[in-house]
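Heads up, the thing below is written out as structure tokens.
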Amino acid sequence: MSVERECVERGCTTRYRGTQSRCWDHRAVERRCQRNGCESVYRGTTLLCVACRTVERECAAKDCSAIYWGDRSLCNDCRKSDRQCPDCGGTFWGRTTRCGPCWWRQIPADVRSAIARANGNAYRARKLAAQVAGPVSAAEYERIRSEGPCVYCGEPATEVDHVRSLASHGGWEHPSNLVPACRFCNASKSDRLLIDWDQARVFHAVRRSEKVAAEYKRQLSELESLSV
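Count the sequence shown with my numbering and you get residues 121 to 348, in order.
What follows is the structure, encoded as structure tokens:
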């Protein structure tokens, strides 16, 4: 039965929700993907690597017909539930054991500072390398954000998202690649391709943003050409 547990491994205090007596870190081992033709080596608990498990699916939950790209039988929204954080006692809607602020606070202060510094430096470097016609001004970012709501869910926009990620997919630092987004969608999408993220939110954006629609069409075409 899937319940909230604490890892039984000596010295480990990780709390998680599942059916196993040990947390993922203590169950995961180095493996070689078992799918024919795939030689990927990875650390995990499954027989197939993430790439081979990730396919287009229809959510198996009752009354949900969301189409998404992933390796779970339920879409992201159906896997979420109302939860109570064991650290602060607050309630939140999500899939994790702790709420976001408590998860961040459990990391040692010096490690948090190092992560924030490294992320900031890396992000500035990516933006600089991805410039097309010079830097995009703060005023332009604010103009795009104010065009809200969030193209992915319809909530008030508080941030700006790069439709094609700067991190690993060749996105560019240009207004044509920027759309208004809420904090949740921007963080959830992170550096994923549109075809690899929450398809319900992507389809919402495709209907409302020409920028997202064009990029989604490009990614689907590229995926089809690779599968031929």
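Don't be surprised by glycine CBs; every beta carbon is placed ideally from N, CA and C.
Item                                                                                                                                                           : Value
Between the Cα of R152 and those of G131, S141, D145 and T166, spot the shortest distance and give me the residue it belongs to.                               : T166
Mind checking which residues open and close the alpha helix (DSSP H) that includes Q319?                                                                       : Q319 to R328
Kindly indicate if chain E contains any beta-carbon less than 8 Å away from that of K337.                                                                      : Of the protein chains in this structure there is only one, and it is not chain E.
If you compare alpha carbons, which of G240, A258, V123 and E176 is closest to R203?                                                                           : V123
Compare the Cα-Cα distances from Q251 to each of R338, E335, P228 and P295 and report the closest residue.                                                     : P295
Could you check what DSSP says for R265 in three-state terms: helix, strand or coil?                                                                           : helix
Which of the three DSSP states, helix, strand or coil, is assigned to H146?                                                                                    : helix
Out of D281, G190 and D145, which one is the CA nearest neighbour of I315?                                                                                     : G190
Do V326 and A320 have their C-beta atoms closer together than 8 Å?                                                                                             : no
Could you tell me the alpha carbon to alpha carbon distance between W141 and C169, rounded to whole angstroms?                                                 : Looking at the sequence shown, residue 141 is not Trp but Ser. Answer to the nearest angstrom: the Cα atoms are 23 Å apart.
So the beta strand (DSSP E) W189 belongs to, where does it begin and stop?                                                                                     : I187 to G190
What does the Cβ neighbour count give for K182, buried or exposed, with the cut at 16 atoms within 10 Å?                                                       : exposed
Please state whether DSSP places E335 in a helix, a strand or coil.                                                                                            : helix
Please determine, among R137, G138, Y136 and C143, the residue with the shortest C-alpha to C-alpha distance to R130.                                          : C143
Measure from the alpha carbon of R125 to the alpha carbon of each residue in Y188, P206 and G240, then state which is nearest.                                 : P206
Check whether the region 297 to 310 touches the region 224 to 243, taking contact to mean three or more Cβ pairs, one atom from each stretch, closer than 8 Å. : no
Specify, as a first and last residue, the run of the alpha helix (DSSP H) that R387 falls within.                                                              : Residue 387 lies beyond the range of the chain shown here (121 to 348); nothing can be said about it.
Going by C-alpha to C-alpha distance, which of T278, A277 and W292 sits closest to R284?                                                                       : W292
Figure out for me which residue from L340, E159, C219 and R225 has the closest Cα to the Cα of F323.                                                           : L340
Along the chain, which unbroken stretches of the alpha helix (DSSP H) at least 4 residues long are found entirely within the region 193 to 267?                : 196 to 199, 220 to 225, 229 to 249 and 258 to 265
Would you call the region 300 to 309 and the region 265 to 279 in contact, with 3 or more CB pairs under 8 Å?                                                  : yes
Please report the distance separating the alpha-carbon of R225 from that of G214.                                                                              : 18 Å
With H, G and I counted as helix, E and B as strand and the rest as coil, what does DSSP make of V70?                                                          : Residue 70 lies beyond the range of the chain shown here (121 to 348); nothing can be said about it.
Relative to the alpha-carbon of C219, which residue among C208, P228 and G138 has its alpha-carbon at the smallest distance?                                   : C208
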